[in-house]
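**Q** Quick one: the structure is below, questions incoming.
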Amino acid sequence: MTIQLRRDWWLSDAPESALQARCGRFYRMGLRALRSPAMVFGLAIIALLVLAAIFAPWLAPADPNAQDISQRLLPPGAAHWLGTDQLGRDLLSRVIYGARPTLMIVSLVALLAAPAGLLLGMCAGYFGGWIEAVLMRITDIFMAFPRLVLALALVAVLGPGIVNAVIAIAITAWPPYARVARAESRTVKGSDFIQAARVQGLPTGRILFGHLLPICLPSTVIRVTLDMAGIILTAAGLGFLGLGAQPPMSEWGAMISTGRQYIFDQWWVAAVPGVAILLASLAFNLVGDGLRDVLDPKNG
Amino acid sequence: MRTRICAALIGTLLSLSAWAATPKDTLVVAKNIDDIVSLDPAEAFEFSSGEVVANIYEPLVRYDPQDPTKLKPGLASSWKPAADGKSIEFTLRKNAVFESGNPVRAEDVLFSYQRVLRLNKAPAFILAQLGWTPDNIAQMVRQPAPGTLQLSWSGDFGPAYVLNVLAARPGAIVDQKLVLQNEQAGDLGNGWLMRNSAGSGPYKLKLYKPKEVVLLEANKQAANPPKTGSVLIKSIAEPATQRLLIESGDADIVRDLGADQIDALKSRNDIRLEEFPAAAVHFVALNLQNDKLRNPAIWEAMRYLIDYDGISKQLLRGQMRIHQAFLPVGFAGALTTTPYKLDPEHAKAILAKAGVNGLEMDMDVINSPRFMDMAQSIQASMAKAGIKVNLVPGTGSQVITRYRARKHQAILLYWGPDFYDPHSNAKSFAYNVDNSDGAYQSTTTWRNSWLIPELSAKTLAALREADPAKRATLYQGLQKEVQANSPFIIGFQEQNRVALRSNVKGYVQGPVADLVQYDGVTK
Amino acid sequence: MRRHAGPLALLRWGISLVLMLFVLLLVTFLIGKAAPIDPVLQVVGDRASPEAYQEARHRLGLDRPVYEQFARYVANAARGDLGRSTSTGRPVGEDLRQYFPATLELATLGIALGVLFGVPLGMLAAHQHNRWIDQLLRLVGLLGYSVPVFWLGLVGLLVFYAKLGWVGGPGRLDDIYQYTVDSWSNLVLVDTLRAGNAEAFRNGLSHLVLPAALLGYFSLAYISRMTRAFFLEELSKEYVLTARVKGASELRVLVRHVLPNVAAPLLTVIALSYAVLLEGAVLTETVFSWPGIGLYITNALFSADVSAVLGGTLLVGLCFVLLNTLTDVFGLLMDPRART
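Which chain is which? The protein sequence lines are A, B and C, in order. For the first sequence, the numbering used here gives the first residue as 1, with consecutive numbering after it. For the second sequence, the numbering used here gives the first residue as 301, with consecutive numbering after it. For the third sequence, the numbering used here gives the first residue as 824, with consecutive numbering after it.
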């Protein structure tokens, strides 16, 4: 049966197919989500970020890399709404363009770390035995590693740059996902419907992806959105040590790091990207909390 | 209940307020001292360790920090070059004693030089260029009569050069008796001297905690005891924190503030700002191992593509002055003409005439704020003539590792002299007779693969020249040649800006690390 | 289900510990070797003659094949000799004894503050789910997550130290006390107490307050959020309803009934936060000039001081494993299913 655009089809209490049931569930979740003002606010900001990233050349009033040393360190004013940095570049334009590398880092890390951790955790929890022991030991090793050492070392070896920073952060970010996924898989693996699937002779892959995954996915998604703030700040920390996005790229973390010399007098140089990061984190957190409220019916 | 807890907490906090002033007889200096490897003068070769060593030990002769072209007596009260120009006779200062009370003897001088050569650490090459080896040093340094010393050398240079060498850091004289008492496993006291001192200078080392603090205490045996009893150099890595310290009076001198941070302190009457010229020159160098960079038209065009005014008067004002030759101001013979200025149109014309277009290069740069700002400015000004510069930042050690292996394309770096003679810089920028990979040199010319046999000959001639006036003229010629025809675009000379509490007087900071003197400071 | 009791389990634990540390060392070692930084430069500097360079290289054992260098390191480490740091010139063990207690002191105070404030606040937020106080607490926690550490630290120093003079400045002690107090454990609070120097003790505390509060704030953000999540899950369960019906006060329900059930996962969360703090917050240590292990490891990495990095990693890894084990054991003890 095909997807229909009528509202009553989506809200029908007697779905005629699995597809319709699923669509109905998502639609209802969406409605519930939109009822929370915090969630709406978060989504709006994220939408703003994405728009800024896509339409930066049209939104930004000036070239983010255009230097004018005679206009350096100007406070926010008419000519430059958010002031200028130490090389005379317009901060508003830089922060708008900065949405691109920031969003790129956050989404790439999430797309790398979460699935890897999820998969590993699910396998560990489901198969148990020595597979679980080995996988968990690996996870423990990565967790025991001082994160900064691992990230710094990788960037030192691979060279500075956004992509390498992403890899470095992702490698330190996946263990918590694995742990949670493993804990959940362990609990669920003994449950009835998994047993039933096994008895039916379904291949392991199908069980993992068809049955286990939908259970573990919601908490992972929630964790990812909540961790995004942390990812942005870790990238900022790497930028602080000179190992993230390279100049003149206006990645927010790198901007804060250069702005720290002017923190007391020309506070706007660090404050502008700082507020941007704060808003982005806030948005992701609100969305994450909202998702938890929506996806985890026990907390409703 | 909650308010009571809050009140108690605030009360405790209030009672914990710090005593915001430094102790009367201790000078507190805030500076990043992470670079110190050792305080043994035979090993100390970094900025921070050089400064500490200079206040603890005395060489035979010293530079005057206010005019480093003039030599002053150190542990030698007078000296006379021999007629054949191949040796010098020194008279040791009468009644000179070390901090331990042991008198300073010729044996101590011999021992000090000998251990530098035997230990063969970073600064050893400075003394080794006098033709001294651990085996022949006993013949080179002799005692013709009690209280006198005769130093000979082999090499094609005169007494003036040798005196400059002896005044450098490895020329510090250590107390042989005390050092040998603390020797372990034949290390000539190297391990002990890392943390302890055995000198005759105004201060002795009371405490050294790596990366944390150096505490100097007045040496009561010194000929001229220092005016302030102790000097506490604490390691504060963050310049913004240093600023808070000086503003609240918890530090007397801070050394690492940025240009804008210093400017922000101008309005305060309790803080004074001082500027000291430094002997470091900053430049962009092109590695001629890359074919695309070999065309001299590129070098010439790039000379017009740095915003000299913008960088020195605005971006890094007070910390860089425009200087376009390899001898910094303060050396005899320094060339002070600055014929180049930012002129993208002229640069474009030069490139067009040479048929160069679409040039792109990677420029290595150390990722500290000062260099990064300069690099980004250069990146932008180069783009004005169509040259695309990609920045490759890295930490100091990363950048230098690549540089030594000649893996870079362009690099933004600086050079400070190893000791106070023009030859140190001349060798770096105007001497290279063997460009092969096996003939490793730490000179700027070798590292950028610029082979210059003729200019090298002229450099050696300048080294040999005995007459100071003629020598200065020769160096001027060398600088003009390098200024106009080399793959080095020298743009700036560094200046050190230091913030001090207004009651601190007598602080002297010469152009190099060994010329920082604390003994005249009063509070 | 006390299946982990007994010497066999201890042996298994010991083996797994050693194995883990070994892998940690191996990976760190390889990373250190692969980094494009020349460790000899740290020792001889850039201008040394080629002979001095080669000599130093030989003395550091760097002219040996890589596997031999590693084997040598492991053999020495097993005897307690962690090598010599090229950036401080001292044995790494001595370095760690100087720098780790600084981080330990700060991290411990920080986590104590984080737990002291975080758990009750999380409980409150869960209890007042979706009311304004919940939103407020979440916002405050969120700020702790999203504001860069050094910014808060510098502004904190500006306000509380420079302007108000309420707390001590950067560093662990005022200059006057630094070198008059005998450093035995290198924990300022312990050493000053041992010396009986009350003024120095108060001074040390005044220097600890601000950075510990900062770190406490960051752990609080995470701890309160997790506490809230755990409590929310429990509060909808039957036994809570039962307790309430039986007339227990809200506070009693939360503390006596729910808290023991969430103690195990909560402790895991707290242990994780503690481990994160113990690895040394480089940015905090930079801003406060706190000579801790974060700065030590970072500087060592940047100068390719492999021994120092290995030593630091070993220590932090060991702490992590210990914390992990403690929480696992505690979890087993607290597991209500094991009690029957």
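Heads up, the beta-carbon is just placed ideally off N, CA and C, and yes, glycines get one too. Quantities reported herein were computed from a predicted structural model and do not represent experimental measurements.
Rounded to the nearest angstrom, what separates Thr744/B and Gln698/B at their Cα positions?
**A** 17 Å
**Q** Could you say which of Leu1012/C, Asn1084/C and Arg1079/C lies nearest to Thr926/C if we only look at CA atoms?
**A** Leu1012/C
**Q** Taking contact to mean 3 or more Cβ pairs, one atom from each stretch, closer than 8 Å, check whether the segment 672-682 of chain B and the segment 540-557 of chain B are in contact.
**A** No: the two stretches stay apart, fewer than three of their Cβ pairs being nearer than 8 Å.
**Q** Any idea which residues DSSP pairs His723/B with across the strands?
**A** Partner(s): none; His723/B has no beta bridge.
**Q** Less than 8 Å between the beta carbons of Ala710/B and Leu605/B, yes or no?
**A** Against a cut-off of 8 Å, the Cβ pair of Leu605/B and Ala710/B comes out as no contact.
**Q** Against Arg137/A, what residues of chain C qualify as contacts under a CB-to-CB distance less than 8 Å, listed in chain order?
**A** Ser839, Leu842 and Met843
**Q** Mind pulling the chain A residues with CB within less than 8 Å of Gln676/B?
**A** Within chain A, Gln67, Leu87, Pro247 and Pro248 have C-beta atoms less than 8 Å from the C-beta of Gln676/B, given in sequence order.
**Q** Does DSSP put Glu574/B in a helix, a strand or coil?
**A** strand
**Q** Which residue comes first and which comes last in the beta strand (DSSP E) that contains Ser535/B?
**A** Here the beta strand (DSSP E) through Ser535/B covers Ser530 to Ser535.
**Q** Roughly how many angstroms lie between the CA atoms of Gln624/B and Phe583/B, to the nearest whole one?
**A** 9 Å
**Q** Strictly below 8 Å CB to CB, what residues from chain B border Phe1024/C?
**A** Here the premise fails: no neighbours, minimum Cβ distance about 10 Å.
**Q** For Asp384/B, is the classification buried or exposed, using 16 other Cβ atoms within 10 angstroms of its Cβ as the cut-off for buried?
**A** exposed
**Q** Which residue from Thr225/A, Pro175/A and Gln200/A puts its Cα closest to that of Leu1095/C?
**A** That would be Pro175/A, whose Cα lies nearest to the Cα of Leu1095/C.
**Q** To be precise: take each residue of the segment 969-983 of chain C, compare its Cβ to all Cβ atoms of chain A, and keep it if any distance is under 9 Å. Which residues remain?
**A** Ser969, Val970, Pro971, Val972, Phe973, Trp974, Leu977, Val978 and Leu981
**Q** Between Asp340/B and the rest of its own chain, which residues show a CB-CB distance below 7 Å, the 5 nearest in sequence each way excluded?
**A** Asn490, Leu493 and Met494
**Q** So, Val942/C versus Leu1106/C, is the Cβ gap smaller than 8 Å?
**A** no
**Q** Quick one: is Ala283/A buried, meaning 16 or more other Cβ sit within 10 Å of its Cβ, or exposed?
**A** Ala283/A comes out buried.
**Q** If the cut is a Cβ gap below 8 Å, which residues of chain B does Gln261/A touch?
**A** Pro539, Ala540, Gly558, Asp560, Gln561 and Pro669
**Q** Does the beta-carbon distance from Gly455/B to Leu430/B come in below 8 Å?
**A** yes
**Q** Leaving out the 5 sequence neighbours to the left and right, which residues in its chain are closer than 8 Å to Asn657/B when beta-carbon positions are compared?
**A** Leu651 and Gly686
**Q** Could you tell me whether the Cβ atoms of Ile336/B and Pro510/B are closer together than 8 Å?
**A** Pro510/B sits close to Ile336/B, with the two beta carbons spaced by under 8 Å.
**Q** If we ignore side chains and look at the alpha-carbon of each, how far apart do Glu1022/C and Thr326/B end up?
**A** Rounded to whole angstroms, Glu1022/C to Thr326/B spans 20 Å at the Cα level.
**Q** Spatial neighbours of Thr1163/C within its chain, please: C-beta separation below 6 Å, excluding the five flanking residues on both sides.
**A** Residue confidence for Thr1163/C is low, a pLDDT of 37 falling below 50, so the modelled location carries little weight; the figure read from the coordinates is stated next. Taken in chain order, the list of residues that qualify is empty.
**Q** When we look at the beta-carbon of Leu466/B and count the other beta-carbons within 10 Å, is it buried (16 or more) or exposed?
**A** By the neighbour-count criterion, in which 16 or more other beta carbons inside 10 Å mark a residue as buried, Leu466/B falls on the buried side.
**Q** Please list, in chain order, all residues of the same chain as Gly820/B whose beta carbon is under 7 Å from its beta carbon, the five residues on each side excluded.
**A** Hits under 7 Å: Lys527, Gly806 and Val808.
**Q** Can you tell which of Pro862/C, Val889/C and Ser1112/C has its C-alpha closest to the C-alpha of Tyr876/C?
**A** Pro862/C
**Q** Go through its chain and collect everything with a Cβ distance to Trp10/A's Cβ below 7 Å, but skip five positions before and after it.
**A** Cys23, Gly24 and Tyr27
**Q** In the DSSP assignment, the beta strand (DSSP E) including Val361/B goes from what residue to what residue?
**A** Looking at the DSSP string, the run of the beta strand (DSSP E) that includes Val361/B is Val361 to Asp364.
**Q** Tell me where the beta strand (DSSP E) around Ala376/B begins and ends.
**A** Ala376 to Pro381
**Q** Report the neighbours of Ala468/B on chain C: residues whose CB is nearer than 8 Å to its CB, in chain order.
**A** Listed along chain C, no residue sits closer than 8 Å to Ala468/B by beta-carbon distance, the nearest being about 12 Å off.
**Q** Can you tell me whether DSSP reads Met663/B as helix, strand or coil?
**A** strand
**Q** Could you check the C-alpha separation between Gly161/A and Leu243/A for me, to the nearest Å?
**A** In a straight line, the C-alpha of Gly161/A is about 7 Å away from that of Leu243/A.
**Q** When the Cα of Leu1156/C is compared with those of Pro1088/C, Asp1014/C and Ala1104/C, which residue comes out closest?
**A** Pro1088/C
**Q** Report the rounded CA-to-CA distance for Trp715/B versus Gly630/B, giving the unit in angstroms.
**A** 15 Å
**Q** Run the CB neighbour count on Ile294/B, radius 10 Å, all protein chains shown included, and call it buried at 16 or more, exposed below.
**A** Because chain B spans 301 through 823 in this model, residue 294/B falls outside it and cannot be assessed.
**Q** Quick one: which residues of the segment 868-887 of chain C get their C-beta closer than 9 Å to a C-beta of chain B? List them in chain order.
**A** Residues of the segment 868-887 of chain C that bring their beta carbon within less than 9 Å of a beta carbon in chain B comprise Gly868, Asp869, Arg870, Ala871, Ser872, Pro873, Glu874, Ala875, Tyr876, Glu878 and Ala879, in sequence order.
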